[in-house]
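In our numbering, the protein residues as written are 1473 to 1664. C-beta: ideal position from N, C-alpha, C; glycine also.
Take a look at the structure:
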């Protein structure tokens, strides 16, 4: 297991291929809770080739949460690893709809961290993601505005204007959040 984790830290695909014959390592990761899998590490660090190979040989690792409750696609989205996000969604579109421990999809995570390129990639493949809500009824637009992420908010509005009127669990729309944060002029004037 140590060799595999070291390989994921540096993105060493050759080392990964060397441990592939030992399927028990991967089976153990899927069956028992682990701090994080090599796919989590590669997603976080942006090792696209390593992540691609992991997705090819052990796609089930993409549906494994780490100790913080995140799937690999969430980590890649948070950190702007757009190539890895694209690889994951190309391998399995439903990964874009997985919810982390906070009820956030990869789009919510990208919006919270102003990862506009990731937003674009996700919405290109799964346009309906813009309308998905958390357990608190928040769209990615709500999340972007709550985190003062104007670039993400502007992109989401341009993609899907009807989410402006979606109310969250507290009956606040994105306009409420923007007004409360005095972001109306900056983010909405040229969009509405």
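Subject >> 7 Å Cβ shell around residue 1571 - same chain, five flanking residues per side excluded >> reply: The residue you call residue 1571 lines up with position 99 of the chain shown. Here the set comprises 1577.
Original post:
At what residues does the alpha helix (DSSP H) containing residue 1560 begin and finish?
Top reply: Here residue 1560 refers to the residue found at position 88 of the chain shown. Residue 1560 -> alpha helix (DSSP H) spans 1554-1563.
Subject >> Straight-line gap, residue 1619 to residue 1533 (C-alpha atoms, nearest Å) >> reply: Here residue 1619 refers to the residue found at position 147 of the chain shown. Here residue 1533 refers to the residue found at position 61 of the chain shown. If you take the alpha carbons of residue 1619 and residue 1533, they lie about 30 Å apart.
Original post:
In its own chain, which residues sit with a C-beta less than 6 Å from the C-beta of residue 1623, not counting the 5 before and 5 after it?
Top reply: Start at 1 with the first residue of the chain shown, and residue 1623 comes out as number 151. Excluding positions up to five away in sequence, the list reads 1586, 1588.
Original post:
Within this structure, are the beta carbons of residue 1590 and residue 1541 separated by less than 9 Å?
Top reply: Numbered from its first residue, the chain shown carries residue 1590 at position 118. Numbered from its first residue, the chain shown carries residue 1541 at position 69. Taking 9 Å as the Cβ cut-off, residue 1590 and residue 1541 do not qualify as a contacting pair.
Original post:
For residue 1639, does the three-state DSSP call read helix, strand or coil?
Top reply: Counting from 1 along the chain shown, the entry for residue 1639 is found at position 167. Residue state, collapsed to three classes: coil.
Subject >> Per-residue DSSP class, three states only, for residue 1550 >> reply: By 1-based counting over the chain shown, the position of residue 1550 is 78. It is helical.
Subject >> Buried or exposed by the 16-neighbour rule on C-beta atoms within 10 Å, applied to residue 1599 >> reply: Start at 1 with the first residue of the chain shown, and residue 1599 comes out as number 127. Result: exposed.
Original post:
Going by C-alpha distance, which of 1508, 1539, 1529, 1554 is nearest residue 1519?
Top reply: As a first step, residue 1519 is located in the chain shown; it is residue number 47 there, counting from the start. For residue 1519, the nearest C-alpha among the options comes from 1554.
**OP:** Using 10 angstroms around the beta-carbon of residue 1625, count the other beta-carbons present and answer buried if the total reaches 16, otherwise exposed.
**Re:** Residue numbering aside, residue 1625 sits at position 153 when the chain shown is read from its first letter. With 16 or more Cβ atoms within 10 Å of its Cβ, residue 1625 is classed as buried.
Original post:
Residues in its own chain within less than 6 Å of residue 1575 by CB, not counting five upstream and five downstream?
Top reply: Position 103 of the chain shown, counting from 1, holds the residue named residue 1575. Hits under 6 Å: 1606, 1607.
Original post:
Do residue 1514 and residue 1544 have their C-beta atoms within less than 9 Å of each other?
Top reply: By 1-based counting over the chain shown, the position of residue 1514 is 42. By 1-based counting over the chain shown, the position of residue 1544 is 72. Contact: yes.
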